[in-house]
Amino acid sequence: MRKVALGGFVCALLLSFTTPAAAARPSVEDTLPAPGLYCVERVAMPDLVNVIDAKWSPDAQMLAVVRFERRPSGGPAGYIEDEVLDFLEVMERQTGEVIAKLTPTNPEFRWQGDTLLYLEKSTIRAWKGGRTAETLGRLGDTKVPRYPED
166 MRKVALGGFV
176 CALLLSFTTP
186 AAAARPSVED
196 TLPAPGLYCV
206 ERVAMPDLVN
216 VIDAKWSPDA
226 QMLAVVRFER
236 RPSGGPAGYI
246 EDEVLDFLEV
256 MERQTGEVIA
266 KLTPTNPEFR
276 WQGDTLLYLE
286 KSTIRAWKGG
296 RTAETLGRLG
306 DTKVPRYPED
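Structure representation (structure tokens):
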């Protein structure tokens, strides 16, 4: 009899300390994401086809995309594939249009702060915004990389 009474007392004690399932559920305010950028809704993006590489700028406001475009040619294939460097500006849930089309001869590029550095033929170019890039310097003929050989 004592064991049954003790067992009943322990069960009653355990049940009194549990919380109902509805009380354990977090409120709507507790489940809202913190302020900031989140990928929780779809946005319209321009069509980008034949993408080779893509990199975000350090401040995450700009996406640099290397892609190739087919251009007519008199060669055996009838076309050549040129690498094109495009930029997409992304700000506050709105996706902008392509804001610059640059023509690198080597698909490698690097962000240095808010400046994008790339090679175009024998020149080192820097893009900081706008439609065109500035020339930083020229390479000698022996130093020019020949993509894809280099």
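Following this note's numbering, the numbering of the sequence shown begins with 166 at its first residue and continues without gaps.
A virtual CB, placed ideally from N, CA and C, is assigned to each residue, including glycine.
- The criterion of a C-beta distance shorter than 8 Å is satisfied by P272 and I217.
- Boundaries of the beta strand (DSSP E) around D218: 216-221.
- Rounded to whole angstroms, the separation of the alpha carbons of K266 and A298 is 10 Å.
- Residue environment analysis places E194 among the exposed positions, since fewer than 16 neighbouring C-beta atoms fall within 10 angstroms of its C-beta.
- In the DSSP assignment, E273 falls outside any beta strand (DSSP E) and carries neither an H nor an E.
- A straight-line Cα-Cα distance of about 29 Å links G173 and R190.
- According to DSSP, R235 shares a beta bridge with E246.
- Between L250 and F274, the C-beta gap is smaller than 8 Å, which places the two residues in contact.
- If you ignore the 5 residues before and after I289, its C-beta comes within less than 6 Å of the C-beta of L301, G302, all in its own chain and listed in chain order.
- For T288, the enclosing beta strand (DSSP E) covers residues 288-292.
- Taken through DSSP and simplified to helix, strand or coil, G302 comes out as strand.
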